[in-house]
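Heads up: the sequence shown at position 151 corresponds to 139 in the numbering used here, and the numbers run straight through without jumps.
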Amino acid sequence: MRLILISIDAVSGVDAAKLLSLPNIRHLAENGAFLRNMQTVYPTLTYPIHASIMTGCYPDRHGIAHNHLPGQLTLPPKMRKWYWEIGQIRCKTLYQAFSERKIPCASILWPVSGKNPYVRYNFPEVLALPGENPTLKMLRYGSPAWILHMEALYGRQRKSTDQPDLDDYAALLAEKVILARKFGFLAIHLVDCDAMRHRFGVNSPESDAALSRLDARIGRIRDAVRQASLDRETVFCLVSDHGQKDCRVSICLDRLLRERNLGRAQSLGMGAYVFPRNTEETIRELSKNAAQWGIREICTRDQLNRFHAPGGIPLAVDAADGVRFTDEGDEPHGGDHGFSLNEPQSRVIFLLSGAAKYAFKSFDSCSVVDIAPTLSRLFSLSMPDTDGKNLLL
Ligand SMILES: [Zn+2]
């Protein structure tokens, strides 16, 4: 049996009706098991969540605390390095578990997957910072011989490295891996919808068009599986990381704290980490100014512990409705995430389809940390120390 794990960024259970109106996703859901209320993890940012999907562990164990690496608050956000390397994840990943069974892995645009010793065909998600060469960076973090080979054959078909062109190229790479039958586990992360929702808003025509393109890419992947005569031995797993909410106003919380010598803030989008100079004083000022600074709730470390937030974060805040925190400037914005786990957009989808009939157990709650243990049971992998549980009957 083979697994194709497709992550669709910035889609939540709130979008379920839209997703199920699209032909390929509807087909997979009607012939498989589908959940629309899976709880994502805190913070609701792409990199921590994808690390939880890959490990079955919460951020307090896998250590991916943000998209950005820590200790860079003095740099402008555009210059900050991200968690690009698999070695930064402190827990065992599905890649390692498949490799132990000698099952070849391929990975396309998956976050925190660079320099991955377990992946034979790796086109990781790495962002070239100002002054860096995107191609050289990709070669350094991914599988250089394969990337160059694909680039020579198909690079000209890619109009740009922005969305939606990059997702189209990612789908093309997936097709080629599938047609060559060179994988047992293929993970692919599709980002088009996240990009459009950030720019144009959650339910904009541009974002709806991104959902249709997403379904068409899933269709291309399904076609490749059929063409390679792998339909009877392939399991499709669709997951998502977080939804988005529309923003009306941007507030630079870091500047407000710095101006009053209260400490620093690091934006999560619709929330922020706070690094106070004096915890009690900062909490007092945050509470006093909550309405003006767009703060809905202050989370102490005790509260953060309850939802397994990453270590090293003394304090956090959730934004009021329609507010987005920035680390510099007040630029206008469409949608965003980084909100609390109370938001309906923090409930995401999980779909298993193909190869056999699947059904989930009934349970009180389920979380994205249950994905890896569920896949691990289905493929008889060894992942003995996860936080999550198997959901399959
Ligand atoms: Zn995301």
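Just so you know, even glycine gets a beta-carbon here, dropped at the ideal spot from N, CA and C.
Which value, in whole angstroms, describes the spacing of the CA atoms of residue i and residue j?
i           : j           : result
residue 176 : residue 268 : 44 Å
residue -5  : residue 273 : 40 Å
residue 189 : residue 179 : 15 Å
residue 208 : residue 163 : 7 Å
residue 296 : residue 350 : 24 Å
residue 307 : residue 210 : 40 Å
residue 265 : residue 26  : 36 Å
residue 151 : residue 116 : 15 Å
residue 79  : residue 100 : 12 Å
residue 42  : residue 358 : 10 Å
residue 256 : residue 245 : 16 Å
residue 137 : residue 286 : 51 Å
residue 90  : residue 215 : 24 Å
residue 76  : residue 365 : 25 Å
residue 235 : residue 258 : 9 Å
residue 125 : residue 118 : 12 Å
Using DSSP bridges, identify the partner residues of residue i.
i           : result
residue 226 : -6, 339
residue 73  : 102
residue 264 : 251
residue 285 : 306
residue 380 : 348
residue 181 : None, per the DSSP bridge assignment.
residue 206 : Looking at the DSSP assignment, residue 206 forms no beta bridge with any residue, so it has no partner.
residue 238 : 312
Under 8 Å, do residue i and residue j count as touching if we go by C-beta distance?
i           : j           : result
residue 31  : residue 40  : no
residue 97  : residue 158 : yes
residue 380 : residue 348 : yes
residue 55  : residue 83  : no
residue 225 : residue 340 : yes
residue 129 : residue 107 : no
residue 13  : residue 203 : yes
residue 262 : residue 311 : no
residue 222 : residue 343 : yes
residue 240 : residue 123 : no
residue 233 : residue 331 : yes
residue 145 : residue 160 : yes
residue 165 : residue 171 : yes
residue 322 : residue 185 : yes
For residue i, which residues from the same chain have a beta carbon less than 7 Å from its beta carbon, with the 5 sequence-adjacent residues on both sides left out?
i           : result
residue 230 : -2, 0, 28, 32, 37, 325, 333, 334, 336
residue 121 : none
residue 361 : 44, 371, 374, 376, 377, 378
residue 400 : Examination of residue 400 is not possible in this model, given that the chain is present from -11 through 381 alone.
Leaving aside the five residues before and after residue i along the sequence, list all residues of the same chain whose C-beta is less than 6 Å from its C-beta, in chain order.
i           : result
residue 24  : 1, 4, 337
residue 302 : 289
residue 134 : 109
residue 65  : 315
Can you list, in chain order, the residues of its chain whose CB lies under 8 Å from that of residue i, leaving out five sequence neighbours each side?
i           : result
residue 131 : 107, 108, 109, 110, 111
residue 270 : 245, 250, 251, 262, 264, 303
Let me have the residue list for ligand 1: C-beta closer than 6 Å to any non-hydrogen atom, ordered along the chain.
Going by the Cβ distance cut-off, the answer is -3, -2, 34, 182, 229, 230.
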